[in-house]
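Straight run, no breaks: the sequence shown in this note's numbering ends on number 600.
To start, the structure under review is shown below, and the notes come after it.
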Amino acid sequence: MNKLKSLPVIIYIHGGGFNYMGISMEAYNGAMISAIGNVVFVTINYRVGLLGFFDNHLEETTDAQNQYDRNLGLYDQIMAIEWVRKNIHHFGGIFLFLFFFDSCI
496 MNKLKSLPVI IYIHGGGFNY MGISMEAYNG AMISAIGNVV FVTINYRVGL
546 LGFFDNHLEE TTDAQNQYDR NLGLYDQIMA IEWVRKNIHH FGGIFLFLFF
596 FDSCI
């Protein structure tokens with residue numbers, strides 16, 4: 496039985512100024528990058544706009560957990576990266592070789 500070769504992982508976080516867009520656009524399809532670059536390409540979605548980045552400023556805090564509670568879009572990103580870290584080996588990737596990039600679209 497052949498062992499899967501462990502490939503580097505690219506995690507792409509889409510742009511949009513935290514207000515719009517998602518990974519459904521064809522520009523974010525990582526099939527070509529994976530084929531040419533011999534990498535595991537991961538894209539994630541996260542909540543944007545009011546549902547992801549609502550901060551009512553009613554309570555000032557320095558508590559990190561409270562900051563996540565008010566910025567659910569960033570929390571989604573953290574949870575997605577954590578899921579990738581725990582599971583990427585099932586897809587032929589190795590978390591030690593991890594690259595992030597985003598767009599300014």
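Just so it is clear, CB atoms sit at the ideal spot from N, CA and C, and this is done for glycine as well.
Asked	Found
Using 8 Å as the threshold, is the stretch 499-508 in touch with the stretch 582-595, meaning 3 or more CB pairs across them?	yes
Which residues does DSSP list as the beta-bridge partners of F590?	DSSP output for F590 lists no bridge partner at all.
Please confirm whether K581 has its beta-carbon closer than 7 Å to some beta-carbon of chain D.	In the displayed structure, chain D is absent; only one protein chain is listed.
Using DSSP with H/G/I as helix, E/B as strand and the rest coil, what is F549?	coil
Between which two residues does the alpha helix (DSSP H) holding V543 run?	Unbroken run through V543: none, as it is neither H nor E.
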